[in-house]
Amino acid sequence: MYRNVSCKIIEDHLVEGKPEPGNEVSIKIDQTLTQDATGTLVYMFLEAIGIEKVKTRLSVSYVDHNTLQTDSRSADSHRYLQTIASKLGVIFSKPGNGICHRIHLERFARPGWTLLGSDSHTPTAGAVGMLAIGAGGIDLAAVMSGEPYRMKMPEILGVRLTGRLAPWVSAKDVALSLLGEIGVKGGLGKILEYFGEGVNHLTVPERATIANMGTETGATSSVFPSDEETYRWLKMQGREEEWINLPTPERSEYDDIVEIDLSKLEPMIALPHSPGNVVKVSEVEGLEVQQVCIGSCTNSSYRDLAVAASILRGKKVHPNVDLTVSPGSRQVLRAIAKSGVLADLIAAGARILECACGPCIGMGQAPPAGSVSVRTFNRNFKGRSGTPDAKVYLVSPEVAAATALYGVITDPRRLGPPPKIKEPSMDIDDGLLLAPARDPSKVKVTRGPNIVPPPTFEPLPDSFEGEVLIKLGDDVSTDDILPAGADVLPLRSNIPAISKYVFARVAPRFAEKALRKGGGFIVGGENYGQGSSREHAALCPRYLGIRAVFAKSYARIHKRNLINFGIIPFTFDSPKAYELIDEGDMLKIDMLRERIRRGDDRIPVENVTSNSTFTVNLDLSERSREIILAGGLLNLLNKKYSQTKRRRM
Ligand code: MIC
Ligand code: SF4
1 MYRNVSCKII EDHLVEGKPE PGNEVSIKID QTLTQDATGT LVYMFLEAIG
51 IEKVKTRLSV SYVDHNTLQT DSRSADSHRY LQTIASKLGV IFSKPGNGIC
101 HRIHLERFAR PGWTLLGSDS HTPTAGAVGM LAIGAGGIDL AAVMSGEPYR
151 MKMPEILGVR LTGRLAPWVS AKDVALSLLG EIGVKGGLGK ILEYFGEGVN
201 HLTVPERATI ANMGTETGAT SSVFPSDEET YRWLKMQGRE EEWINLPTPE
251 RSEYDDIVEI DLSKLEPMIA LPHSPGNVVK VSEVEGLEVQ QVCIGSCTNS
301 SYRDLAVAAS ILRGKKVHPN VDLTVSPGSR QVLRAIAKSG VLADLIAAGA
351 RILECACGPC IGMGQAPPAG SVSVRTFNRN FKGRSGTPDA KVYLVSPEVA
401 AATALYGVIT DPRRLGPPPK IKEPSMDIDD GLLLAPARDP SKVKVTRGPN
451 IVPPPTFEPL PDSFEGEVLI KLGDDVSTDD ILPAGADVLP LRSNIPAISK
501 YVFARVAPRF AEKALRKGGG FIVGGENYGQ GSSREHAALC PRYLGIRAVF
551 AKSYARIHKR NLINFGIIPF TFDSPKAYEL IDEGDMLKID MLRERIRRGD
601 DRIPVENVTS NSTFTVNLDL SERSREIILA GGLLNLLNKK YSQTKRRRM
């Protein structure tokens with residue numbers, strides 16, 4: 001018998017290494033998903049490497065982020081993505097079909113399999129007993145070329161669920177409570193595995209909400225067992241033959257355990273500007289609200305929308321509130337249309353948006369200046385909504401709907417008996433999932449002017465000298481490093497153009513300064529690069545000449561993205577070392593190639609300005625050292641696959 005579900009899946013997919021916490025392991029990846037905002041680069045990398053057909057068992061390319069078409073750029077990206085998917089053997093999910101994580105859960109996620117996705121919320125698929133991990137685009141390209149996925153074996157943190165949720169408390173409150181308990185760094189280097197009898201009372205969409213927000217703890221993944229409920233879900237999706245029994249073993253073992261008694265939970269809320277800033281809703285009740293948004297990959301299931309509709313049925317949204325609803329997928333949209341949920345939402349005055357990420361990533365619906373926006377989403381980083389001084393709160397659909405009704409943050413337990421939601425059978429319609437071409441040679445890849453091949457970089461030089469261009473505090477998110485939103489997202493396929501936005505919200509002239517100074521260094525605090533998987537937050541600084549970051553600690557995906565683009569992630573060995581370094585200081589590092597080649601984990605840095613020397617830590621696997629020496633993963637992959645191509649010729 002296996003120790004736990006996560007270890008079982010890892011062992012079944014093990015290519016190399018001993019799966020003990022901290023060891024380097026590589027695993028086979030069965031499926032990949034990309035979305036449009038990160039996907040254009042993935043497919044351009046694959047083209048650069050010269051891959052003719054992806055090597056995974058299944059790969060899907062979704063269009064869900066960048067769906068606002070204010071000029072031709074987004075539409076051009078969609079056409080590129082559609083044609084390149086067809087050529088390379090990838091299924092294409094058309095815009096309008098829904099949010100990648102929700103569709104993947106409905107149509108493709110499989111218990112016992114592995115999934116790598118170029119989006120940080122890929123672990124949503126962990127709801128059906130899958131090991132699903134978020135990564136940067138170049139890691140996706142590597143896996144789609146046939147490489148295993150290499151990672152440091154995470155610890156498995158068992159989350160024991162007992163009891164049953166009280167009325168008006170839902171899966172989002174479980175996710176928020178856990179975040180409140182372990183914080184935005186609590187899952188770092190860990191897989192969160194849910195077990196205990198409490199799991200039996202959660203449906204797959206509810207498990208998906210919890211798995212989805214595990215990302216906000218910094219976890220590598222979130223995994224549920226595969227059980228009868230998983231069977232029910234797959235059967236409803238017409239996929240019961242894909243079910244396997246993957247229960248929590250009777251004597252399961254974890255590296256550590258946290259306990260959550262579901263019956264004790266209350267409606268929770270994350271305050272601005274961090275998903276980890278969690279308190280009880282009852283503590284902030286009465287605060288006036290100008291906008292409420294229901295949707296996103298966290299809370300856009302049939303149940304989520306039906307609960308909201310039942311609260312609003314026969315009533316009107318408060319006159320001072322703008323309520324938007326974005327269904328997670330077309331399957332959900334069709335179901336709410338059929339059951340009358342949609343009619344209730346419309347009658348109450350909700351604004352119905354398309355099945356896409358929408359306001360979650362600042363693609364429209366920016367709230368009024370200085371206002372309060374209450375959202376069922378997973379992130380509330382400053383400025384992410386598109387309004388720099390908006391205050392965004394994260395809640396369950398129950399709290400969102402009650403708040404929309406009264407115009408102030410409202411604890412739904414005031415509303416009387418909770419609604420009983422019956423999930424209807426779903427109409428399965430894969431009409432917007434396009435199969436790849438039978439004959440790829442006939443596919444002409446369409447490239448608009450905004451599809452610009454990614455830059456190439458030189459191998460690591462022997463020494464660096466440069467200026468500290470910016471010094472930042474703790475929890476800098478990738479939204480701070482490279483914002484999303486309607487102005488910037490259409491440029492994801494054009495690195496020279498999008499690089500102008502690096503730190504645009506934090507230090508508006510950063511890009512110009514970096515180019516003028518010929519590059520330099522970034523200094524950060526704890527958890528540098530938390531949030532999204534967008535590798536643009538590493539690739540664009542590299543394009544501007546950034547060669548190293550000095551931080552107290554890093555978020556997992558961002559650290560990997562830095563390495564993948566040849567930026568060295570140094571770690572301060574004491575809080576004092578961070579204090580001693582200032583913006584504008586000139587730093588010099590000698591014999592860098594040699595030190596990295598021989599695996600030094602302590603690197604001396606000369607502060608030329610203050611005429612002193614300090615030492616930083618460097619925690620790199622052998623593979624990461626190889627990548628950095630080569631000047632980035634693309635250079636390594638190019639070398640490997642161009643040799644294979646030469647041999648084939
Ligand atoms: C996000 O929620 O921040 C995103 C947008 O989905 C990102 C991906 C991206 O920036 O394209 C993520 O979570 O990885
Ligand atoms: Fe889309 Fe928001 Fe989910 Fe990211 S978090 S995938 S932007 S819905």
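Reading the sequence shown from the start, the letters are residues 1 to 649 in the numbering used here. Where a beta carbon is used, it is the ideal one built from N, C-alpha and C, also for glycine. Please read these numbers as outputs of a predicted model, since none were measured by experiment.
With a beta-carbon spacing of about 18 Å, G584 and G525 fall beyond the 8 Å limit used to define contacts. Setting aside the 5 residues that flank it on each side, R334 is surrounded in the same chain by D427, each with a C-beta closer than 6 Å to its C-beta; the list follows chain order. The shortest CA-to-CA distance from G112 to any of D71, A208, A306, V128 is the one to V128.
When only Cα atoms are considered, N320 and K94 end up about 35 Å apart. In the structure shown, the three-state DSSP call for V372 is strand.
Straight-line measurement puts the Cα of P569 at about 42 Å from the Cα of Y302. Under the three-state reduction of DSSP, Q530 is assigned to strand. Bounds of the beta strand (DSSP E) holding G466 are 464-471. With 5 Å as the limit, the residues whose C-beta approaches any heavy atom of ligand 1 more closely are A37, T38, D119, S120, I361, S532, S533, R534, in sequence along the chain. Of the other Cβ atoms in all chains shown, 16 or more fall within 10 Å of the Cβ of E206; this residue is therefore buried.
Closest in C-alpha terms to R107, from the list A125, I361, T114, comes A125. Following the DSSP letters along the chain, one finds I103 inside the alpha helix (DSSP H) bounded by residues 100-107. In the DSSP assignment, the residues bridged to N617 are T571, R602. A contact between stretches requires three or more CB pairs, one per stretch, nearer than 8 Å, and the region 540-559 fails this requirement with the region 50-62.
Within the same chain, and ignoring the five residues on either side of P154 in sequence, the residues whose Cβ sits closer than 6 Å to its Cβ are G189, K190, I191, T220. By the Cβ test, the region 65-77 is not in contact with the region 160-179, since fewer than three Cβ pairs between them sit closer than 8 Å.
Under the three-state reduction of DSSP output, V325 falls in the strand class.
With three or more CB-CB distances shorter than 8 Å, the region 371-389 counts as touching the region 346-363. Just measuring C-alpha positions, the residue of P453, S263, S425 sitting nearest L46 is P453. Within the same chain, E626, I627, A630 come within 7 Å of L636 by CB-CB distance, once the 5 residues on both sides are set aside.
Contact check for Q331 and D429: beta-carbon distance about 7 Å, within the 8 Å limit, so the pair qualifies. Put simply, the region 509-527 touches the region 460-471. At least three CB pairs are less than 8 Å apart. Of the other Cβ atoms in all chains shown, 16 or more fall within 10 Å of the Cβ of D304; this residue is therefore buried.
Checking the DSSP bridge columns, you'll see Y554 partnered with Y528. In the assembly as shown, K8 is a buried residue. Its beta-carbon has 16 or more other beta-carbons within 10 Å. A residue is called buried when at least 16 other Cβ atoms come within 10 angstroms of its Cβ; P490 meets this threshold and is buried.
DSSP, reduced to helix, strand and coil, places R547 within a strand of the structure shown. A straight line joining the alpha-carbon of T248 with that of K422 spans about 28 Å. Its Cα nearest to that of R313, the residue A402 stands out among V523, R239, G39, A402.
Between C540 and H65, the CB-CB gap reaches or exceeds 8 Å. By the Cβ rule, the region 96-105 does not count as touching the region 493-511, because fewer than three pairs are nearer than 8 Å. In this structure, ligand 2 has no non-hydrogen atom nearer than 7 Å to the beta-carbon of C7. A distance criterion of 7 Å places the beta-carbon of F377 in contact range of ligand 2, judged by its closest non-hydrogen atom. Residue environment for L580: exposed (fewer than 16 other C-beta atoms within 10 angstroms of its C-beta).
Nearest neighbour of H78 by Cα position, chosen from P449, I244, E20, N299, turns out to be P449. In the three-state reduction of the DSSP assignment, L342 falls in the helix class.
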